[in-house]
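The block underneath contains the structure these notes are about, expressed in structure tokens.
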Amino acid sequence: MVYTKRLVIAVILGIIAGVICAFGSKSGAPEGSKELAFWGALFNRAFIGFVIGISCWKIGWLLHGVLVGLIASLVWSVPILFSPDGDIKAVLILSLGGIVWGFLIELLTTVVFKAPMKGVEA
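Numbering (our numbering), first residue to last: 10 to 131.
Okay, here's the thing in structure tokens:
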């Protein structure tokens, strides 16, 4: 069952994280892919917030945020390996960013805004 308060908070935090990451990734992206990097960062971080908000994965909140962040960011980062400008460093940075943002979104949602997953003990 989706907990509406949790979903709304996590999505809003994901969008905020996406805006922060979008401007950072746009400045560091190779010429010709800045717009793609901007939108990719924005949607990926918002997606992390959405998945955290709807997930009913019965694990502790800390591990939940880290794993959701990692898995969701791999969708964005792994294809970079197959692009002409792609390298493993970019994949690692983007994946680490997903882990950090997943943790922060989960921390703020669960602890600060007091909207934990239903039926999961911390």
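A virtual CB, placed ideally from N, CA and C, is assigned to each residue, including glycine.
All values derive from a computational prediction rather than experimental measurement.
Self-check item: Among Val129, Trp85, Lys123, nearest to Arg15 - alpha-carbon criterion
Solution: It is Lys123 whose Cα lies nearest to the Cα of Arg15.
Exercise. Grab the span of the alpha helix (DSSP H) containing Val87 for me, first residue to last.
Key: Val87 -> no alpha helix (DSSP H), and no H or E assigned at all.
Self-check item: With 16 other Cβ atoms within 10 Å as the buried cut-off, status of Gly74
Solution: buried
Quiz item: Nearest-angstrom Cα distance between Leu79 and Trp70?
Solution: So the alpha carbons of these two residues sit roughly 14 Å apart.
Practice problem: Note down, in chain order, each residue of its chain lying with its Cβ closer than 6 Å to the Cβ of Ile108, except the 5 sequence neighbours on either side. | Solution: Val75, Gly78, Leu79
Practice problem: Please go through the same chain and pick out, in chain order, the residues whose beta-carbon is closer than 6 Å to the beta-carbon of Ile18, but skip the five residues on each side of it. | Solution: Here the set comprises Thr118, Phe122, Ala124.
Quiz item: Among the residues of its own chain, which have a CB less than 8 Å from the CB of Phe112, if the five just before and after it don't count?
Solution: Leu71, Gly74, Val75, Gly78
Practice problem: Could you round the C-beta distance between Val28 and Leu51 to whole angstroms and report it? I think they count as a contact, below 8 Å. | Solution: 7 Å
Quiz item: Val11 and Ile63 look like a contact to me (Cβ under 8 Å); what is the Cβ gap, rounded to whole Å?
Solution: Indeed, because the Cβ distance is near 6 Å, the residues count as touching under 8 Å.
Practice problem: Give the range of the alpha helix (DSSP H) segment to which Phe122 is assigned. | Solution: Segment: none, Phe122 is in no alpha helix (DSSP H) and carries neither H nor E.
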